[in-house]
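Data first, discussion second: the structure below is written as structure tokens.
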């Protein structure tokens, strides 16, 4: 540190995204860290590239940081990655169940193994630092990050935090990257799971005793195990942003808890502090943040921080404390030793790692209903397997999988993985039975002995996953229709429900003879069959051992009914879970939701064949609307034919899309130009209207898709905080356009703002 200039020291405190920082930038701006964001590809540009692409990226940054040049102290950069459930951003990695499922296992020894596998696959990909584990204790299941929490109770979280840190880092004193360990980051400090209303980046309006008893134990467990870093939360505690809360960051974390590592920020979270911007925030460093995560505005933050140290706004002692903490971690992790033997090891998705994940899947399953002892599936049974999630590894893995929201993935993106269908087929046939995969539960051939219906939520992550009702998939009851049709045909049914939280699914449970909560199992779907399918002699291959770590709601409005609270009255209590030894019969459940399901939907406006509630389709002026084929569905699209000036709108209740706009979400539209020119069309949101010539640019008669960032509409005048018309299409005579899909999309790839000009 004595050799470092002020610029060198400030650089250590700033982390930029590899999407905006290039290795050569480090010569002028000696940053201490880079991260790969949820949607960031390696320098090759191929986000489905092999581990070697990531290693080359890490090596390029590392080489410049260690260059010997005048005025520069060679200090290795630390490369962080969101390894939320395994090394989950990298093609071919082992994907573990999300934390909500792991919490149901009650198996800290297996958690430690999961941490060790995640570390090995991360180190072998060139990364030094996993932004995990999440030690939040979610209190409101509407929160979109609920699945990142192990439990609604702090006891499991404290024990698991310690186990995962030991797995990722090894034992204290042995946490070297050369041995396949990476730095852990317990997050998000503090009480991100206690925000009012289950709103991401919200405010935890709770007393200090609740903060201590419910939300702090995970950090105590992780720090005692030697966690090298802690990530601060976007959220607030009683109105004060955590990134600016000196009492928590310095007084509690570094003082009372004795944390000796460094505190890293979350994605531009410092910019939300009153008086701060993404590129200028002395307040966060003075509060105790040691390293700011500033994906794009790192140059501005660097320059402004240097100025603020020089003018005394930030004390030099605060800079030295932060840099000392960062360097301490880098030395402990072995980053000053250039040897990286793990980068040359074949670790990604190897059989031994997949076996650990498969065991975790089997242990995380929770049996909620098994009337008549339908499970396990008997030897020789003829089984129909159906449901939207039966043969889709992306859907069974959820968010934070190859992309931020876990969307856009295909079967080809998961080499070596096994879908639930593939696992069931292999296990059933091994016992002499047969398994048939059927789309939408349609029967062909002989009547099966039973059916397994695999369905659930579609992938989501923070913010996008926030909902306002716990009713499962409002407006889309395909799975329920399949279950009822099978029941009417006299076929016993097993439901395997995949979700990131406990949801109100009483109608689906009533239509099922057996119901299994499988949460988000990840890449090893065979683990489901390991428990559901009996051995050849008819005895269970493995019993259900999963117990609910979150209380299951009795109705769709029971958002925060947690163990220990007054008037605790769930449908299935915390700790519930049947085994094969139980012979409990579950009677009919109430199908009164208790809340308007359409209130949940702020992001999906039109899907093939229907406008989703609470939204309605309307038009004004010289335009006619008719149904046409599209979106893979007969008459699934709406065609808008303009015979003069007119407009088409999707409208509904006033909603707030401010966070979605700030997070770079887009309006995605699947469309087809049927006649005329897009020069005669304008696309809008609220009062904003943008020329659509460069948006609807596909040839006439060809289906295509376009994404327009919400920020484009905001810059054009849309009031994102009070929006009731999320889709407005205006046109003039002679132009005809068909739309098959309109919804918000979190993937920024190929998003574009409309521009003036001819096609």
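In the UniProt record's numbering, the protein residues as written are 1 to 759.
No residue lacks a Cβ here, since even glycine has one placed at the ideal position from N, Cα and C.
Remember, it's a predicted structure, so these values are computed and weren't measured experimentally.
Option nearest residue i by Cα separation, candidates the options
i: residue 560; options: 490, 535, 199, 52; result: 199
i: residue 820; options: 469, 355, 518; result: The structure shown does not extend to residue 820, since the chain is modelled only from 1 through 759, so no value can be given for it.
i: residue 307; options: 6, 602, 104, 410; result: 6
i: residue 661; options: 300, 714, 269, 65; result: 714
i: residue 620; options: 642, 626, 612, 586; result: 642
i: residue 738; options: 726, 698, 23, 719; result: 698
Between the CA atoms of residue j and residue i - distance to the nearest angstrom
i: residue 176; j: residue 196; result: 40 Å
i: residue 334; j: residue 88; result: 24 Å
i: residue 750; j: residue 225; result: 43 Å
i: residue 758; j: residue 43; result: Any reading at residue 758 must be qualified, since the residue scores a pLDDT of 36, below 50, and its modelled position is unreliable; no value is offered.
i: residue 267; j: residue 432; result: 52 Å
i: residue 663; j: residue 373; result: 47 Å
i: residue 261; j: residue 376; result: 48 Å
i: residue 190; j: residue 218; result: 10 Å
i: residue 120; j: residue 56; result: 17 Å
i: residue 141; j: residue 602; result: 17 Å
i: residue 486; j: residue 572; result: 26 Å
i: residue 585; j: residue 477; result: 25 Å
i: residue 467; j: residue 497; result: 18 Å
Delimiting residues of the alpha helix (DSSP H) encompassing residue i
i: residue 371; result: No alpha helix (DSSP H) holds residue 371; DSSP gives it neither H nor E.
i: residue 53; result: 51-65
i: residue 168; result: 154-169
i: residue 353; result: 351-364
i: residue 221; result: 217-224
i: residue 507; result: 506-510
i: residue 13; result: From DSSP, residue 13 is part of no alpha helix (DSSP H); its letter is neither H nor E.
Whether residue i touches residue j by CB criterion (8 Å)
i: residue 29; j: residue 11; result: yes
i: residue 383; j: residue 341; result: no
i: residue 304; j: residue 280; result: yes
i: residue 289; j: residue 243; result: yes
i: residue 157; j: residue 182; result: no
i: residue 419; j: residue 396; result: yes
i: residue 75; j: residue 85; result: no
i: residue 37; j: residue 19; result: yes
i: residue 534; j: residue 379; result: yes
i: residue 764; j: residue 646; result: In the structure displayed, the chain extends from 1 to 759; residue 764 sits before or after that span and is not available.
i: residue 606; j: residue 655; result: no
i: residue 283; j: residue 271; result: no
i: residue 482; j: residue 453; result: yes
i: residue 362; j: residue 542; result: yes
i: residue 259; j: residue 223; result: yes
i: residue 105; j: residue 546; result: yes
i: residue 411; j: residue 523; result: no
i: residue 391; j: residue 178; result: no
Beta-carbon proximity list for residue i, same chain, < 6 Å, skipping 5 on both sides
i: residue 644; result: 622, 733
i: residue 187; result: 134, 231
i: residue 151; result: 103, 157, 549
i: residue 465; result: 144
Start-to-end residues for the beta strand (DSSP E) that takes in residue i
i: residue 616; result: 616-630
i: residue 122; result: Residue 122 -> not in any beta strand (DSSP E); alpha helix (DSSP H) instead, spanning 108-123.
i: residue 703; result: 703-709
i: residue 428; result: Premise fails: residue 428 lies in the alpha helix (DSSP H), 420-430, not in any beta strand (DSSP E).
i: residue 447; result: Careful: residue 447 lies outside any beta strand (DSSP E) and carries neither H nor E.
i: residue 325; result: Careful: residue 325 lies outside any beta strand (DSSP E), inside the alpha helix (DSSP H) at 316-332.
i: residue 651; result: 633-651
i: residue 672; result: 666-675
i: residue 105; result: Looking at the DSSP string, residue 105 is not in any beta strand (DSSP E); the run it does join, the alpha helix (DSSP H), is 99-105.
i: residue 604; result: 604-607
i: residue 745; result: 736-745
i: residue 514; result: 514-517
i: residue 137; result: Counting along the chain, residue 137 falls outside any beta strand (DSSP E), and DSSP gives it neither H nor E.
i: residue 299; result: Counting along the chain, residue 299 falls outside any beta strand (DSSP E), though it belongs to the alpha helix (DSSP H) covering 298-310.
Contact with chain C by residue i, beta-carbon distance below 8 Å
i: residue 337; result: Absent here is chain C; the protein component of the structure consists of one chain.
Same chain only: Cβ atoms within 8 Å of residue i, ignoring 5 sequence neighbours per side
i: residue 568; result: 551, 561, 562
i: residue 629; result: 635, 636, 637
i: residue 741; result: 606, 607, 608, 631, 668, 669, 670, 705
i: residue 68; result: 74
Close Cβ partners of residue i (< 7 Å) along its chain, the five nearest in sequence each way excluded
i: residue 82; result: 38, 89, 131, 400
i: residue 16; result: 31, 34, 294, 295, 298
i: residue 370; result: 514, 578
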